[in-house]
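K.L.:
One structure, pasted below without further comment.
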Amino acid sequence: MIIKNAYVYTLEQGFVKKDTVIENGYFSEGSRAPQAGEAVIDAKENYLIPGLVDVHFHGCAGYDFSDGTPEAMAAIGDYELRSGVTAICPAAMTLSEEMLQGICETAYAYASDDPSESRGRMVSRLCGIHLEGPFISAEKKGAQNPAYIREPDRGMFRRLQEAAHGLVRLITIAPETTHAMDFIRELHDQVHISLGHTTSDYDTAHQAFALGADHVTHCFNAMPGFTHRAPGVIGAAADAVHVMPELICDGVHVHPSAVRAAFTLFGGDRMILISDSMRATGMADGAYTLGGLGVDVKGNRATLADGTLAGSVTNLMDCMRTAVSMGIPLETAVRCATYNPAKSIGAESLYGRIAAGAYGDCVLLSRTGLSVQNVILGGELVK
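Structure, rendered in structure tokens:
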């Protein structure tokens, strides 16, 4: 496939007008004339960006990753792909080890299928699994089920990783909990460790980052605030230059001023845009569930009965557009929804960039409104 006349997003130069070649499912170097029978797309001077990479979301289209079924995985992969999210690292909720093991096994089966042929339709590639629980703080559980919260357990993690065949790329823990530091010290070179759902102060978070934790789960949410005398996890993350924080830009979870402040504090090369979407995303208002808890959805807000936010109902493409509307430059927002999340889980060689050797996954966006014009997976046009 050749995509002509596009303003192509590049890490080094931002948007550059040039042609893009995809061969055998991967981006190729340079440009060339079309071969006989080769598909050619005229981008008509629209933007061409890498397929988006969501490393923290729970579900959409009426399904949840934690359902742990092939049907759920297929529906999620279908919706995400059509939204322009070509790579997914879905998050499991705080559940029992048995339930999490089943989820990991189902995810591995999904990842083993060819994304262009899976169940007769194209679906997003699964680039990892995010275990958002159960090693979190009960005081900052958010919409997680308190019945399954437990202390960090290295043996349990290894069993889940075995069930996933190594697909667990990211795990959220509260560093102040018993055995958390031992967990980080022993496993930081086997999985990316994120601090979240935590009551941690600055010193505890600083120690966790020094031991190898390198990620922050939905910055600002489910953690102490960032203040001048108690900077907490956010301050410790800012001081640890290897740490990459997530941010939910759905217009509900974080005020626009705080979004701009976070980008100023961390810089566009460290921020990660996520959706944290739940099963109601793409669906009508009504009653849903998340991790076994009841959730009420009205407009763009999903809440538990006590008013606690329960994930978002906004996909990552819409979150990226919202970030732009909040004043984040388009080039920065694109990087934070593509390359940065892929980098944060060690998958940037194949995902999140338009460069030779990476998967040929990309999205054509209109230059006005940033609406999706085409989604391409491995050089194949998504119908």
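If you use numbering that gives the first Met the number 0, the sequence shown corresponds to residues 0 to 382, in order. Glycine residues also receive a C-beta, built at the ideal position from the N, C-alpha and C atoms.
May I have the straight-line CA-CA distance separating R278 from Q143, to the nearest angstrom?
P.N.:
If you number the sequence shown from 1, residue 278 lands on position 279. If you number the sequence shown from 1, residue 143 lands on position 144. Their backbone Cα atoms lie some 15 Å apart in a straight line.
K.L.:
To the nearest angstrom, how far is it from the Cα of A173 to the Cα of I344?
P.N.:
Locating residue 173 in the sequence shown gives position 174, counting from the first residue. Locating residue 344 in the sequence shown gives position 345, counting from the first residue. Using only the alpha carbons, I get a separation of about 19 Å.
K.L.:
Could you give the first and the last residue of the continuous alpha helix (DSSP H) run that contains L210?
P.N.:
As a position in the sequence shown, residue 210 is number 211, starting the count at 1. Segment 201-210, the alpha helix (DSSP H) holding L210.
K.L.:
If the criterion is Cβ atoms closer than 9 Å, does the pair L51 and M282 meet it?
P.N.:
Counting from one through the sequence shown, the residue named residue 51 turns up at place 52. Counting from one through the sequence shown, the residue named residue 282 turns up at place 283. No.
K.L.:
So, using beta-carbon positions, are G389 and T85 closer together than 9 Å?
P.N.:
For the chain, the structure presents residues 0 to 382; residue 389 sits outside this window and is missing.
K.L.:
Does any heavy atom of the ligand GTP sit closer than 8 Å to the C-beta of G29?
P.N.:
Absent from the structure shown: the ligand GTP. Ligands present: none.
K.L.:
Rounded to whole angstroms, what is the Cα-Cα separation between Y46 and A74?
P.N.:
Your numbering for residue 46 matches position 47 in the sequence shown. Your numbering for residue 74 matches position 75 in the sequence shown. If I take the Cα positions, the gap works out to 27 Å.
K.L.:
Identify whether I428 lies in helix, strand or coil by the three-state DSSP scheme.
P.N.:
Only positions 0 to 382 of the chain appear in the structure, and residue 428 is not among them; the question remains open.
K.L.:
Given G76, which residues of its chain have a CB within under 6 Å of its CB, disregarding the five upstream and five downstream residues?
P.N.:
As a working mapping, residue 76 is identified with position 77 in the sequence shown. So the qualifying residues of the chain are V122, S123.
K.L.:
Determine, using beta carbons only, whether T313 and D213 come nearer to each other than 9 Å.
P.N.:
Residue 313 sits at position 314 when you count from the first residue of the sequence shown. Residue 213 sits at position 214 when you count from the first residue of the sequence shown. No, they are not a contact pair.
K.L.:
Just verifying my parser: in three-state terms, what is the DSSP assignment at L172?
P.N.:
Residue numbering aside, residue 172 sits at position 173 when the sequence shown is read from its first letter. One detail in the question is off: residue 172 reads as Ile in this sequence, not Leu. In this structure, I172 counts as strand in the three-state DSSP scheme.
K.L.:
Using three-state DSSP, classify Y350 as helix, strand or coil.
P.N.:
Residue mapping note: residue 350 aligns to position 351 of the sequence shown, counting from 1. DSSP places Y350 in coil when its eight states are reduced to three.
K.L.:
Is it a yes or a no for the region 288-299 touching the region 252-272, going by three-plus beta-carbon pairs under 8 Å?
P.N.:
No: the two stretches stay apart, fewer than three of their Cβ pairs being nearer than 8 Å.
K.L.:
Can you tell me the Cα-Cα spacing of T177 and N299, whole angstroms?
P.N.:
Against the sequence shown, residue 177 aligns to sequence position 178. Against the sequence shown, residue 299 aligns to sequence position 300. Spanning the two alpha carbons is a distance of roughly 37 Å.
K.L.:
Give me the residue from G127, A257, R228, H187 with the minimum Cα distance to D200.
P.N.:
Counted from its first residue, the sequence shown places residue 200 at position 201. It is R228 whose Cα lies nearest to the Cα of D200.
K.L.:
Tell me whether the region 217-236 and the region 190-205 touch, counting them as touching only if at least three CB pairs, one residue from each stretch, are closer than 8 Å.
P.N.:
Judged by Cβ distances under 8 Å, the region 217-236 makes contact with the region 190-205, as three or more pairs qualify.
K.L.:
If you drop the 5 nearest sequence neighbours on each side, which residues of the same chain put their C-beta closer than 8 Å to that of M180?
P.N.:
In the sequence shown, residue 180 corresponds to position 181, counting from 1. So the qualifying residues of the chain are P174, Q206, A207, L210.
K.L.:
Under 9 Å, do L315 and G83 count as touching if we go by C-beta distance?
P.N.:
Taking the sequence shown and counting its residues from 1, the one referred to as residue 315 is at position 316. Taking the sequence shown and counting its residues from 1, the one referred to as residue 83 is at position 84. Yes, the pair counts as a contact, with Cβ atoms nearer than the cut-off.
K.L.:
Can you name, in chain order, every residue of its own chain whose Cβ lies under 6 Å from the Cβ of T414, other than the five neighbours on each side?
P.N.:
Because the chain here runs from 0 to 382, residue 414 falls outside it and cannot be looked at.
K.L.:
Note the first and the last residue of the continuous beta strand (DSSP E) segment covering G13.
P.N.:
Walking along the sequence shown from the start, residue 13 turns up at place 14. G13 -> beta strand (DSSP E) spans 13-22.
K.L.:
For E245, report the span of its alpha helix (DSSP H) as first-last.
P.N.:
The count along the sequence shown starts at 1 and reaches residue 245 at position 246. First-last for E245: 243-247, but that is the beta strand (DSSP E), not the alpha helix (DSSP H).
K.L.:
Between G165, L80, D152, which has its C-alpha nearest S111's C-alpha?
P.N.:
Here the question's residue 111 lines up with position 112 in the sequence shown. When each option's Cα is compared against that of S111, the closest is G165.
K.L.:
Across which residues does DSSP place N299 in a beta bridge pair?
P.N.:
The sequence position of residue 299 within the sequence shown is 300, counting from 1. Answer by DSSP bridge pairing: none, since N299 is not bridged.
K.L.:
On the CB-based measure, 16 or more other CB atoms within 10 Å of its CB, does P340 come out buried or exposed?
P.N.:
Residue numbering aside, residue 340 sits at position 341 when the sequence shown is read from its first letter. P340 comes out buried.
K.L.:
In whole angstroms, what is the alpha-carbon distance linking I170 and G368?
P.N.:
On the sequence shown, position 171 is the one that residue 170 refers to. On the sequence shown, position 369 is the one that residue 368 refers to. The straight-line gap from Cα to Cα measures roughly 35 Å.
K.L.:
Using only the alpha-carbon positions, how far apart do A90 and A346 sit?
P.N.:
The sequence position of residue 90 within the sequence shown is 91, counting from 1. The sequence position of residue 346 within the sequence shown is 347, counting from 1. Distance between the alpha carbons of A90 and A346 is about 16 Å.
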